[in-house]
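> Residues -26 to -1, 1 to 389 (mature numbering (1 follows the signal peptide of the UniProt record, and there is no 0)) make up the sequence shown, in order.
Dropping a structure here in structure tokens format, bear with me for questions.
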Amino acid sequence: MSNNMLLRRVTLSFSYITVIFSVTSGEQASRSGWPKCDYPAKKVFISGGSSVTLMSPNFPASYDYSTKCGWSIRPVTANVVLTVNCDTFQLQDVNEAGKCPDYLEVKDTRYCGSIGPQNITATNLKIFKVMFKSNTLKNYGGFRCTVKASNHNTDGCSCGARGTPTSPRSSHTPTKYEFPWMAALVMTGASQPFCGASIIYENFFLTSGSCIQRIKHNKYNYEVLVGAQNLSLVGKMEVRHDIKKVFLHDKYKSGVAHSDYNIGLVQVKTPVDFSQKEVRPVCLPRDSYLEDEEQVALLTGWGTKAGSPDVLKKVETTILDRNACEDLYNNTGVSLKASWLCATQVNNATSICDDDTGGPLVTRREDGRYEQVGVAIFGEGCNSNQTTYPPTVYSNVSRFMEWIKRTVDMANTCS
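Shown next, in the form of structure tokens:
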């Protein structure tokens, strides 16, 4: 895309956005503030509910030749959405070479002529910069733009919103996009997952440590697949995300069977688009999850025994109290860790398959939203000849919330 392309709408959704503009050091934006365009860029602090007006030098008179200045806008409250609109915009038109001689730059897009930024939104950022530059040949009337800060649009991070469930209740095949947080870890270009994962934030996925262990030394050979239901078809919401970085809990012991601290995170290069309800994050636990009573939960994955492995499956399970789980594992040689929880299907009729590892175990909150209480880490396997299985074991997500928040730097994570 050309740096000089004129756009009417851009949506930015990064933790750090660079666009260049500035003001006097530590200047506080008021509801009707107009901090001076300055260079080098200085700071304007803005809180939810306030706005700031950005004007070209000398406005409403013409700006000067050879001007370079900007603003560095910094939200002081969490989960603020910034919206930029220009009600007056008159810069020199694009030249014969397709370049903007004078321009207002927002991220990598330069605006010139009479079409300025409209309805540009930026969320979950620490710094929002913008830059104005004029040449030595002509000057024009300039611009007046407003940056408005509002509280975070809850729809942008509305977590745990399940799609319409299947009927009858016993069906193992979800309706399309019933579980919009479900994701798959796949080889680059492939469709069959080797692990499950869940969307917890626009560029972070929760999975198991054993899944991270597989990809951490060669992440460029793997992708995260979201919006998928039937892996033999390419759905309208299906998107592949390149992996930027992976995070493995520092106490996880690779190569040790049934290691504790079996939890991991995948960060992708481009944010997940939450503008459609078919792809949304799952909620994370607000409180510690205690196995003090049996509770119904749902596990999803592509590896369950029944039906085609290409189609996403769901299994209704019951989370067991710790004593019951220990009794069922007594003769297996597995010692239950403090960070684990157990769940079993009715009559112990199935267990997870290998490629269900890392997938989410979710429960329904009182408000109807779903939160992830577990990450699948091991079971006896779905392809053995057993007719009954010990409970499937999960990492208890609530035990790792401090690590997750610290790793994601997450005043922003959905919960």
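Glycine included, C-beta positions come from ideal geometry on N, C-alpha and C.
Near F168, what residues of its chain come up, given a Cβ to Cβ distance below 8 Å and the 5 sequence neighbours on each side ignored?
Here residue 168 refers to the residue found at position 194 when the sequence shown is read from its first residue. Closer than 8 Å at the Cβ level, and outside the excluded window around F168, lie L159, V160, M161, C185, R188, D328, D329.
> To the nearest angstrom, how far is the alpha carbon of F374 from that of G238?
Within the sequence shown, the letter at position 400 stands for residue 374. Within the sequence shown, the letter at position 264 stands for residue 238. Each residue's alpha carbon lies about 10 Å from the other.
> When DSSP labels each residue in this structure, what does L310 get in the three-state scheme?
The residue you call residue 310 lines up with position 336 of the sequence shown. Three-state DSSP puts L310 in coil, outside helix and strand.
> Assign A15 to buried or exposed, taking buried as 16 or more other Cβ atoms, counted over all protein chains shown, within 10 Å of its Cβ.
Working through the sequence shown from its first residue, we reach residue 15 at position 41. A15 comes out buried.
> Taking only runs that begin and end inside the stretch 268 to 307, name each unbroken alpha helix (DSSP H) of 4 or more residues, in chain order.
With a minimum length of 4 residues, the continuous alpha helix (DSSP H) runs that stay inside the stretch 268 to 307 are 296 to 302.
> Compare the Cα-Cα distances from T366 to each of A157, A317, G90 and report the closest residue.
Position 392 of the sequence shown, counting from 1, holds the residue named residue 366. With distances taken between Cα atoms, T366 lies closest to A317.
> Let me know if H191 comes out buried or exposed under the rule of 16 or more other beta-carbons within 10 Å of its beta-carbon.
Along the sequence shown, one-based indexing puts residue 191 at 217. Label assigned to H191: exposed.
> Check whether the Cβ atoms of G90 and C119 lie closer than 8 Å to each other.
Sequence index remark: in the sequence shown, residue 90 carries index 116 (1-based). Sequence index remark: in the sequence shown, residue 119 carries index 145 (1-based). Yes.
> Name the DSSP beta bridge partners of I173, please?
For this step, residue 173 is matched to residue 199 along the sequence shown. Its beta-bridge partners are F179.
> Decide if E197 is buried, meaning its Cβ has at least 16 other Cβ atoms within 10 Å, or exposed.
For this step, residue 197 is matched to residue 223 along the sequence shown. Looking at its Cβ environment, which holds 16 or more other Cβ atoms inside 10 Å, E197 is buried.
> K197 bridges to which residues according to DSSP?
As a position in the sequence shown, residue 197 is number 223, starting the count at 1. It is Glu, not Lys, that sits at residue 197 in the sequence shown. Partner(s): V160, D216.
> Would you list the one or two residues that DSSP bridges to E345?
Taking the sequence shown and counting its residues from 1, one reaches residue 345 at position 371. Answer is C257, T337, bridged to E345.
> Tell me, which residues are paired with S46 by DSSP?
Position 72 of the sequence shown, counting from 1, holds the residue named residue 46. Note: S46 sits in a beta bridge opposite K17, K103.
> Inspect the CB distances between the stretch 92 to 110 and the stretch 219 to 227 and report whether three or more fall short of 8 Å.
With the cut-off at 8 Å, the stretch 92 to 110 and the stretch 219 to 227 do not touch.
> Going by DSSP, what residues sit across from T97 in a beta bridge?
For the purposes of this step, residue 97 is identified with residue 123 of the sequence shown, where counting begins at 1. Beta-bridge pairing links T97 to V55.
> Just reading off the alpha helix (DSSP H) that E376 is part of, what are its end residues?
As a first step, residue 376 must be located in the sequence shown, where it is residue number 402. Counting along the chain, the alpha helix (DSSP H) containing E376 begins and ends at 375 to 382.
> Tell me whether D224 sits in a helix, a strand or coil according to DSSP, three-state version.
Position 250 of the sequence shown holds residue 224. Reduced to three states, the DSSP call for D224 is coil.
> Is it true that the CB of G348 sits closer than 8 Å to the CB of S369?
The sequence position of residue 369 within the sequence shown is 395, counting from 1. The sequence position of residue 348 within the sequence shown is 374, counting from 1. Their beta carbons are under 8 Å apart, which means S369 touches G348 by this criterion.
> For V371, name the three-state secondary structure that DSSP assigns.
In the sequence shown, the residue the question calls residue 371 occupies position 397. DSSP places V371 in helix when its eight states are reduced to three.
> Assign G332 to buried or exposed, taking buried as 16 or more other Cβ atoms, counted over all protein chains shown, within 10 Å of its Cβ.
Here residue 332 corresponds to residue number 358 of the sequence shown, with the count starting at 1. Per the 10 Å Cβ criterion, buried.
> Tell me whether C185 sits in a helix, a strand or coil according to DSSP, three-state version.
Here residue 185 refers to the residue found at position 211 when the sequence shown is read from its first residue. Of the three classes helix, strand and coil, the one that applies to C185 here is helix, per DSSP.
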